[in-house]
Ligand SMILES: Nc1ncnc2c1ncn2[C@@H]1O[C@H](COP(=O)(O)OP(=O)(O)O)[C@@H](O)[C@H]1O
Ligand SMILES: [Mg+2]
């Protein structure tokens, strides 16, 4: 269980204090999928970076299974089982996809095991397993491999920031199915298909948590807002 208590984040910009997240409190349940959505600039990536420890909140506390992790660096959070899949994957020269899967899972995988992770994200495993993870891969291929690496990690909680970014919508149907309920998943997304797969949806607006409820209820609300032509953040609702 991950708990945020009164999390705020502000920066000083040209002598003015800019509040990016404002007093966010919530609980993310184990073995469940929570989707975070909202307009561009509403604070979604900032919130996930705070959970991972990439940036520190200016106020508030974060607890993971009742352990206060607020001041814990990224590597210690990772040891506790909190992992993060970056919005933009980083490429490496001289390291194969199989090497990366072994590193991610912290174990030597059989080829068939490693291939399973790749198949799960919809790529033909045998074509990629021995390839270097470098710039010769297309953006969409890199992104899928990055998702496979996140899935290979043995953590208890995985945070994805816009996993759909850079992946064609034709194959997104299958992609939304890669998230099982084997862990606590926190997924920033605008994709209605992915939101429908979530147990709960959180909506951020100008750094505030405006809604956090079961997916059915929140999607219903978002659809009503769409009818009033009042929303611009959800791809397939827009
Ligand atoms: N270090 C920073 N300094 C100034 N503004 C920032 C900083 N980090 C984020 N922001 C601003 O905070 C807002 C929220 O950013 P972000 O969390 O990336 O939004 P989202 O992921 O919801 O699109 C944006 O307006 C962004 O420009
Ligand atoms: Mg973002």
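Residue numbers (our numbering): 394 to 631.
Backbone N, C-alpha and C define an ideal beta-carbon position, used for all residues, glycine too.
Looking only at C-alpha atoms, which of 469, 503, 525 sits nearest to residue 485? Locating residue 485 in the chain shown gives position 92, where the first residue counts as 1. Cα-wise, what sits closest to residue 485 is 525.
Cutting at 7 Å between CB atoms, please list the residues of its own chain near residue 518, excluding the five before and the five after it. Working through the chain shown from its first residue, we reach residue 518 at position 125. Taking C-beta separations shorter than 7 Å and ignoring five residues to either side along the sequence, the partners of residue 518 in its chain run 508, 511, 512, following chain order.
Can you determine whether any heavy atom of ligand 1 sits closer than 6 Å to the C-beta of residue 433, and answer yes or no? The sequence position of residue 433 within the chain shown is 40, counting from 1. True, at least one ligand heavy atom lies under 6 Å from that Cβ.
Under 8 Å, with one C-beta from each stretch per pair, do the segment 595-603 and the segment 448-464 reach the 3-pair mark? No, they do not touch.
Cut-off 7 Å between Cβ atoms - residues of its own chain near residue 495, not counting five sequence neighbours on either side: Taking the first residue of the chain shown as 1, we reach residue 495 at position 102. Exclusion of the five residues before and after residue 495 leaves 501, 502 as the residues of its chain whose Cβ lies within less than 7 Å of its Cβ.
Any chance the segment 419-427 sits against the segment 578-594, with 3 or more Cβ pairs inside 8 Å? Yes, the segment 419-427 is in contact with the segment 578-594.
Have a look at residue 492 and residue 528 and give me their C-alpha separation to the nearest angstrom. For this step, residue 492 is matched to residue 99 along the chain shown. For this step, residue 528 is matched to residue 135 along the chain shown. Across the structure, residue 492 and residue 528 are spaced so that their CA atoms are roughly 16 Å apart.
If you reduce the DSSP assignment to three classes, tell me which class residue 453 lands in. The count along the chain shown starts at 1 and reaches residue 453 at position 60. Correct three-state label for residue 453: strand.
Express the C-alpha separation of residue 523 and residue 605 in angstroms, rounding to a whole number. Here the question's residue 605 lines up with position 212 in the chain shown. Here the question's residue 523 lines up with position 130 in the chain shown. If you take the alpha carbons of residue 605 and residue 523, they lie about 43 Å apart.
Using only CA atoms, which one of 613, 504, 559 lies nearest to residue 582? Working through the chain shown from its first residue, we reach residue 582 at position 189. With distances taken between Cα atoms, residue 582 lies closest to 559.
Residue closest to residue 443, alpha-carbon to alpha-carbon, out of 472, 456, 536: In the chain shown, the residue the question calls residue 443 occupies position 50. With distances taken between CA atoms, residue 443 lies nearest to 456 out of 472, 456, 536.
Express the C-alpha separation of residue 540 and residue 468 in angstroms, rounding to a whole number. Working through the chain shown from its first residue, we reach residue 468 at position 75. Working through the chain shown from its first residue, we reach residue 540 at position 147. Whole-angstrom Cα-Cα distance: 19 Å.
Determine whether the beta carbon atoms of residue 515 and residue 567 lie at a separation below 7 Å. Stepping through the chain shown from its first residue, residue 515 is reached at position 122. Stepping through the chain shown from its first residue, residue 567 is reached at position 174. Closer than 7 Å, so yes.
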